[in-house]
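Peer 1: FYI, the numbering for the sequence shown is -19 to -1, 1 to 114, going by mature numbering (1 follows the signal peptide of the UniProt record, and there is no 0).
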Amino acid sequence: MIMKSNPFFHILLLLGLLASCKQSEETAVKELNDSVMTLHDELMPKTEQIIQLKGSLDSLSNGPDSVHVKKLIQSLDKADNEMMNWMHQFSIDSLSSMDFKAKISYLHEQLNKLKSVETFTDSTLNAANQYKK
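1. What residue range does the alpha helix (DSSP H) around I73 cover?
2. In whole angstroms, what separates the C-alpha of Q30 from that of I(-9)?
3. Is residue 163 buried or exposed, if buried means 16 or more other CB atoms sit within 10 Å of its CB?
4. Which term fits E63, buried or exposed, when burial requires 16 or more other beta carbons within 10 angstroms of its beta carbon?
5. Could you pull out every residue in the same chain whose Cβ sits closer than 8 Å to the Cβ of L92, ignoring the five residues on either side in sequence?
6. Should the region 64 to 71 be called in touch with the region 82 to 101, which here means at least 3 C-beta pairs below 8 Å?
7. Where do the ends of the alpha helix (DSSP H) carrying L41 lie?
8. Tell me the DSSP secondary structure of K114 in three-state form.
9. In this structure, how does DSSP classify D46 when only helix, strand and coil are distinguished?
10. Counting Cβ pairs closer than 8 Å, one from the region 37 to 52 and one from the region 81 to 89, do we hit at least three?
11. I need the straight-line Cα distance from L38 to E99, nearest angstrom please.
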């Protein structure tokens, strides 16, 4: 028995495939956005550490090692500013007007920027904490 091709079946199959691709795209965007936000959330407590360290180092900025202390404070300021600048330029709302490729590209770019902020922040905090020991 030969089955006749049912156009309705083909349309349903095509719609199912399209919906599956769309869902897969949305999942990829969500997972990448979640990675960005997780890293952001991990960095936020470090900004509090920066503020505390700057305060404790500030009292040492007129001592015998003042040049080194001032450089540490400048590095802490830079780390704090990099995080603030990233937060000001990051726009989750802009994703709604982008196509899939643009969303993925934007989120990868933001994740890379944030990883750079994390690397600088960690090295700066380590240097300041080492000095205080």
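Where is the CB? At the ideal position from N, CA and C, for every residue including glycine.
Peer 2: Taking the coordinates as given:
1. Stepping through the sequence shown from its first residue, residue 73 is reached at position 92. Here I73 belongs to no alpha helix (DSSP H), and DSSP marks it neither H nor E.
2. Locating residue 30 in the sequence shown gives position 49, where the first residue counts as 1. Locating residue -9 in the sequence shown gives position 11, where the first residue counts as 1. Taking the straight line joining both Cα atoms gives about 58 Å.
3. Absent from the structure is residue 163, since the part of the chain shown begins at -19 and ends at 114.
4. Translated into positions along the sequence shown, residue 63 becomes position 82. Counting Cβ neighbours within 10 Å, E63 comes out buried, since at least 16 surround it.
5. Counted from its first residue, the sequence shown places residue 92 at position 111. Around L92: L13, S16, V17 and L20.
6. yes
7. Within the sequence shown, residue 41 is the residue found at index 60, counting from 1. Element bounds for L41: n/a, residue is neither H nor E.
8. Locating residue 114 in the sequence shown gives position 133, where the first residue counts as 1. Of the three classes helix, strand and coil, the one that applies to K114 here is coil, per DSSP.
9. Counting from 1 along the sequence shown, the entry for residue 46 is found at position 65. Three-state DSSP puts D46 in coil, outside helix and strand.
10. no
11. Taking the sequence shown and counting its residues from 1, the one referred to as residue 38 is at position 57. Taking the sequence shown and counting its residues from 1, the one referred to as residue 99 is at position 118. Rounded to whole angstroms, L38 to E99 spans 21 Å at the Cα level.
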